[in-house]
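Quick note: the sequence shown uses our numbering, first residue 2, plus one each step. Glycine included, each C-beta is placed from N, C-alpha and C at the ideal position.
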Amino acid sequence: MTDILDPFPYFPEAGTGGYIYVGSAGLDARTNPITVYRDVAQTLPWAQPIRTVNGYPAYQGAKAGIYASASTVSITVLDDNSRVVTNGTSFASPFDADRIVYDQGGTGAVDQTVAAKLRHMVSPFDFGAVGDGIADDTVAVQRALNTTAKRVMIDGTFNISDTVTSSVDDRTIEGPGYLTATSPVDVGLTVFGDRNCIKMNIDGNDNIARGLRIDGAIMPIIDGGRYTNFYSELSSANAIFLNDTQAGAVIRGVTIDTVNAPGDGNADGNELSRGIGISLSGDPTASILIDGCHISNIIGDEGDSIAAGSGGGGTYYRLDLTVQRCVIRGFTRRAVKTQGDNVRVIGNGISNDWTLSTQVPNAATVIDFVQGDNCIARDNDLFACNFFNQVTVFSQDAEVWNNFLIDGNTFWGLTSSHTNTNISFTPSGPTSVSSAVGGVIRDNIQSGGVGRTISVGKSDGTVVVGNIARVDNEASTRTISGSSGATKPVILGNILTGGTRESFIALDGTNGVVMANHVKADTPVFSNAAGSGNHLAVNNTADGTASFTFNSSTLTGNRLGGNYSFGTQNNASPGTLTVTQAGGPATSLAGLQVVAGQIVFDVTPSAGGKIGWTAITSGEASAVTWKQFGPIDA
Numbered sequence: 002m003t004d005i006l007d008p009f010p011y012f013p014e015a016g017t018g019g020y021i022y023v024g025s026a027g028l029d030a031r032t033n034p035i036t037v038y039r040d041v042a043q044t045l046p047w048a049q050p051i052r053t054v055n056g057y058p059a060y061q062g063a064k065a066g067i068y069a070s071a072s073t074v075s076i077t078v079l080d081d082n083s084r085v086v087t088n089g090t091s092f093a094s095p096f097d098a099d100r101i102v103y104d105q106g107g108t109g110a111v112d113q114t115v116a117a118k119l120r121h122m123v124s125p126f127d128f129g130a131v132g133d134g135i136a137d138d139t140v141a142v143q144r145a146l147n148t149t150a151k152r153v154m155i156d157g158t159f160n161i162s163d164t165v166t167s168s169v170d171d172r173t174i175e176g177p178g179y180l181t182a183t184s185p186v187d188v189g190l191t192v193f194g195d196r197n198c199i200k201m202n203i204d205g206n207d208n209i210a211r212g213l214r215i216d217g218a219i220m221p222i223i224d225g226g227r228y229t230n231f232y233s234e235l236s237s238a239n240a241i242f243l244n245d246t247q248a249g250a251v252i253r254g255v256t257i258d259t260v261n262a263p264g265d266g267n268a269d270g271n272e273l274s275r276g277i278g279i280s281l282s283g284d285p286t287a288s289i290l291i292d293g294c295h296i297s298n299i300i301g302d303e304g305d306s307i308a309a310g311s312g313g314g315g316t317y318y319r320l321d322l323t324v325q326r327c328v329i330r331g332f333t334r335r336a337v338k339t340q341g342d343n344v345r346v347i348g349n350g351i352s353n354d355w356t357l358s359t360q361v362p363n364a365a366t367v368i369d370f371v372q373g374d375n376c377i378a379r380d381n382d383l384f385a386c387n388f389f390n391q392v393t394v395f396s397q398d399a400e401v402w403n404n405f406l407i408d409g410n411t412f413w414g415l416t417s418s419h420t421n422t423n424i425s426f427t428p429s430g431p432t433s434v435s436s437a438v439g440g441v442i443r444d445n446i447q448s449g450g451v452g453r454t455i456s457v458g459k460s461d462g463t464v465v466v467g468n469i470a471r472v473d474n475e476a477s478t479r480t481i482s483g484s485s486g487a488t489k490p491v492i493l494g495n496i497l498t499g500g501t502r503e504s505f506i507a508l509d510g511t512n513g514v515v516m517a518n519h520v521k522a523d524t525p526v527f528s529n530a531a532g533s534g535n536h537l538a539v540n541n542t543a544d545g546t547a548s549f550t551f552n553s554s555t556l557t558g559n560r561l562g563g564n565y566s567f568g569t570q571n572n573a574s575p576g577t578l579t580v581t582q583a584g585g586p587a588t589s590l591a592g593l594q595v596v597a598g599q600i601v602f603d604v605t606p607s608a609g610g611k612i613g614w615t616a617i618t619s620g621e622a623s624a625v626t627w628k629q630f631g632p633i634d635a
């Protein structure tokens, strides 16, 4: 039994009132008819000619199929004026897809031919591809992409020898197969069409330098897929690159493994290795989201797992970028680098397993905000990222940072190899550039390492609150420092243990507040806190042999009170202040505000042990009443 054009033959030219003749193969169907049936069981024969309704064979006004015992037949169709519209020679076979009706079923379904339905989706196999990963399928893949089909299936392993491109808007390129290469190719696939959805795989096979490039397109969505093994010796390599996607983009659920641009080792920006790269030349009109991606082994001269920039040369625009819920492992320079405003790096798991600094000679920072305002690093888990700064806010050119938040991140698995700064805010612009404002560093946790915990550069009102650090007990360890121009910092409620050097150093801006912190230090807690000062340091505690000491040569306006050391030097507190110069406190501490009960020692007496004074009243040092005691034998 043969089903002729099943389920329903369709001859639109026949209209209503036309005629269908079915005959012996190779003969005129009108003069050589054969018996055909309306049912699969072949019990209900048609009377020929078969009449049509709206182009379909009809029995008592309803569509019906045509079934025959012969495997091949001839067909002649006439319209209602008995003009021939189709005959046997016009078919490639009796199953020509242009003549088969397709009915989706369901309310509102519209009939179409099978050919029209099939042409909604194309595959390189439709154009002669072999799909075995060995034969060169470049032409077949490009021909599939040259169609207007809205779906292109990558359903084999297609070996390409040159870049293939797609320019159709609103297209989906998907499938379980791969694009790959057995000889060098610059870019695997470039997409110019707007609103494309890419759900496919590219295996660079160490021959493709750059996997997927989206060039100037509106709102592409890259949804799932594997991008692996991209390599370029002396130029850049990347898995996914968005170029001037000013109208937003989504990259989610993508797996990227191994991108390598070994380069010349000079970190000169010529050999960039990127998992995901983004380059914008102006303010975008929609945001960019990178969500739930797995990115591994971005190595080489400058290996950044994610690098996104908007503008350059001192002019920076919005990025409107969110990087969230990604797993990032194995990079040689950065996990996330951004240049531009409005960036959120939230809830990512980031790790490395490098054991030697020589493995990462150009190591920089795990999360690196290089330029821009309104940036957030929150709830990220950084494990064993030795040899790297952990989070850095860094400005250059004439850029001024405003409104950054580093919140709730965890830095753990750090060893004595980790001598870098964990959290660093470092403006590098000229001294004429205004200070940044709106910085908050809070509730971060560090475990291990011997580098500086937090460093605050030129800024106005940076808040450092609620951070916990257990650093290794090494002589190089410092905890919180503020460099020149860090005015009005607020350092509150931090717990810093394990260090053996100064806890709050170089607070040489103005109007700093250091309150209710606990530190471990064996050298002065407030080292080189200088300048015009007006710093307030109260109710702090310290383990070890720390002393709460300001630079004694520039004490004007600084205030100490209620600080307590549990070590050997300051057990006689409250509020012990060690003076490092001879002379009574009324003259040597002139300008310093003290409180009643403040104890001051002359730690360099000429003879006879240590002399001390107790403040009987509160006020400026030269105006209060002091009572001398001692000497106390050493």
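CA-to-CA, the gap between Asp444 and Cys327 works out to about 21 Å. Looking from the CA of Ile155, the closest CA among Asp163, Arg253, Ala141 and Thr422 belongs to Ala141. Inclusion of Ile161 and Asn197 in the CB contact set at 8 Å is not warranted, their separation being larger than that value. Leu406 carries a strand assignment under DSSP once its states are collapsed to helix, strand and coil. Between the C-alpha atoms of Pro177 and Leu190 there is a straight-line separation of about 16 Å.
Scanning its chain for C-beta atoms nearer than 7 Å, with the 5 sequence neighbours on each side dropped, one finds around Val361 the residues Thr333, Trp355 and Phe388, in chain order. In the assembly as shown, Pro46 is an exposed residue. Its beta-carbon has fewer than 16 other beta-carbons within 10 Å.
Beta bridge pairing from DSSP links Asn261 with Tyr232 and Ile300. DSSP places Asn147 in the helix class (H, G or I) of the three-state scheme.
Annotated three-state conformation of Gln360 is helix, per DSSP.
The criterion of a C-beta distance shorter than 8 Å is satisfied by Thr366 and Thr393. Taken atom to atom, the span from the alpha-carbon of Lys200 to that of Gly264 is near 31 Å. Only residues of its own chain outside the window of five on either side were considered, and among them Val54 have a CB closer than 7 Å to the CB of Gly62, listed in chain order.
By a beta-carbon distance limit of 8 Å, Ser306 does not contact Asp258. Their separation comes to about 11 Å.
With a threshold of 16 other beta carbon atoms within 10 Å, Ser274 meets it and is buried. About 15 Å separates the beta carbon of Ile252 from that of Ile299, a gap too long to meet the 8 Å contact definition.
Counting only the Cα atoms, Gly278 lies some 13 Å from Ala210. For Gln391, the closest alpha carbon among the candidates Gly449, Lys459 and Asn375 is that of Gly449. Under the three-state reduction of DSSP output, Phe128 falls in the helix class. If you look at Cys376, you'll find it in the beta strand (DSSP E) that goes Cys376 to Arg379.
When DSSP states are grouped into helix, strand and coil, Glu272 belongs to the coil group. Counted as a single uninterrupted DSSP element, the stretch harbouring Leu45 is not any beta strand (DSSP E), since DSSP gives it neither H nor E.
Distances from the alpha-carbon of Ile368 to those of Ser83, Thr422 and Thr73 put Thr422 closest. In the same chain as Pro586, and ignoring 5 residues on each side of it, the C-beta atoms closer than 6 Å to its own belong to Val601, Trp614, Ala622 and Trp627, in chain order. Approximately 4 Å separates the beta-carbon atoms of Ile219 and Ala248; this is inside 8 Å, confirming the contact. Rounded to whole angstroms, the gap between the alpha carbons of Asn33 and Gly56 is 23 Å. Within the same chain, and ignoring the five residues on either side of Thr73 in sequence, the residues whose Cβ sits closer than 6 Å to its Cβ are Ala26. Within the same chain, Cβ atoms closer than 6 Å to the Cβ of Thr498 are found at Arg471 and Lys521, the five residues on either side in sequence being excluded.
Between Ala15 and Tyr22, the C-beta spacing is not below 8 Å.
By the neighbour-count criterion, in which 16 or more other beta carbons inside 10 Å mark a residue as buried, Ala182 falls on the buried side. Counting other Cβ atoms within 10 Å of its Cβ, Ile135 stays below 16 and is therefore classed as exposed. In this model, Leu281 and Val192 are separated by some 16 Å (Cα to Cα).
Straight-line measurement puts the Cα of Leu146 at about 7 Å from the Cα of Thr166. In this structure, His295 is the residue among Ser358, Ser396, Ile377 and His295 with its C-alpha nearest to the C-alpha of Gly350.
Of the candidates Gly341, Glu272 and Ile241, Gly341 places its Cα closest to the Cα of Ser288.
Taking a C-beta distance under 8 Å as the contact criterion, Gly132 and Phe159 qualify as a contact pair.
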